[in-house]
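Here's the structure, in structure tokens; my notes come after.
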Amino acid sequence: MKLPPDIQFHEDIRLLVYRPRGLVNRATVNKIITVIGELEATLTEPFNRFSDTVAADAVDLNFEYIIRVSLYRRLFYGKRPPIKSAILATDSTLVHYGRLHALLTQGSSIKVRVFQDRKEAAQWLGVPIERLSAEATGRQPS
5 MKLPPDIQFH EDIRLLVYRP RGLVNRATVN KIITVIGELE ATLTEPFNRF
55 SDTVAADAVD LNFEYIIRVS LYRRLFYGKR PPIKSAILAT DSTLVHYGRL
105 HALLTQGSSI KVRVFQDRKE AAQWLGVPIE RLSAEATGRQ PS
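Residues in the sequence shown are numbered from 5 upward in steps of one, following this note's numbering.
Structure follows, in structure tokens:
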């Protein structure tokens with residue numbers, strides 16, 4: 005599967021890294037949801053997620069959309085093995101939306117946390133901080 009340039013998959017540590025740039029809107033969120041769904045359907049083992057939203061400079065979303073996305077992901081992922089989804093956010097709007105997503109996925113196999121520090125996100129995910137940096141490169145899943 006060919007991934008868009010703002011999405012990397014580190015097969016060795018089972019980690020999907022998403023780095024949206026510029027405007028974060030329904031189209032960008034739908035893109036990452038589609039990629040995650042396709043990877044979940046093709047890969048046999050679960051994988052964690054890291055969303056680095058620091059380079060996003062504008063947000064065009066609303067609470068209703070975040071609620072729909074969160075409930076969709078919760079339902080679609082179902083009773084699969086637990087995974088972690090770390091969101092690195094410094095923009096207050098993205099922090100609020102990330103926290104809402106975390107709240108709405110509570111009790112499911114998707115554990116979401118919002119971070120403002122990359123090192124803390126790496127520790128929670130159990131991966132080297134270098135793998136969360138913008139310079140890290142991942143492999144395309146086959």
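We put the beta carbon where it would ideally sit given N, CA and C, even for glycine. Only a predicted model underlies this, so the values are computations on that prediction, with no experimental measurement involved.
Name the DSSP bridge partner or partners of residue i?
| i | result |
| --- | --- |
| R117 | A90 |
| N52 | L19 |
| Q12 | V21 |
| A62 | L27 |
Could you tell me how far apart the beta carbons of residue i and residue j are, in whole angstroms, since I believe they sit closer than 8 Å?
| i | j | result |
| --- | --- | --- |
| T97 | V63 | 5 Å |
| R113 | R84 | This sequence places Ser at residue 113; Arg is not what is there. Right, their Cβ atoms sit about 6 Å apart. |
| K115 | S89 | 7 Å |
| T57 | L92 | 6 Å |
How many angstroms separate the CA atom of residue i from the CA atom of residue j?
| i | j | result |
| --- | --- | --- |
| S74 | R53 | 14 Å |
| L19 | H100 | 24 Å |
| R135 | F13 | 10 Å |
| Y69 | R30 | 8 Å |
| L47 | L79 | 18 Å |
| I17 | F67 | 32 Å |
| Q120 | T32 | 21 Å |
| A45 | D95 | 32 Å |
| R117 | H105 | 9 Å |
| L7 | R25 | 16 Å |
| I133 | A126 | 5 Å |
| N34 | E15 | 23 Å |
As a quick exercise: from the options, pick the residue whose alpha carbon is nearest that of residue i.
| i | options | result |
| --- | --- | --- |
| G41 | P86, N66, Y76 | Y76 |
| I36 | Y22, E44, G26 | Y22 |
| I87 | W128, A138, P50, I11 | P50 |
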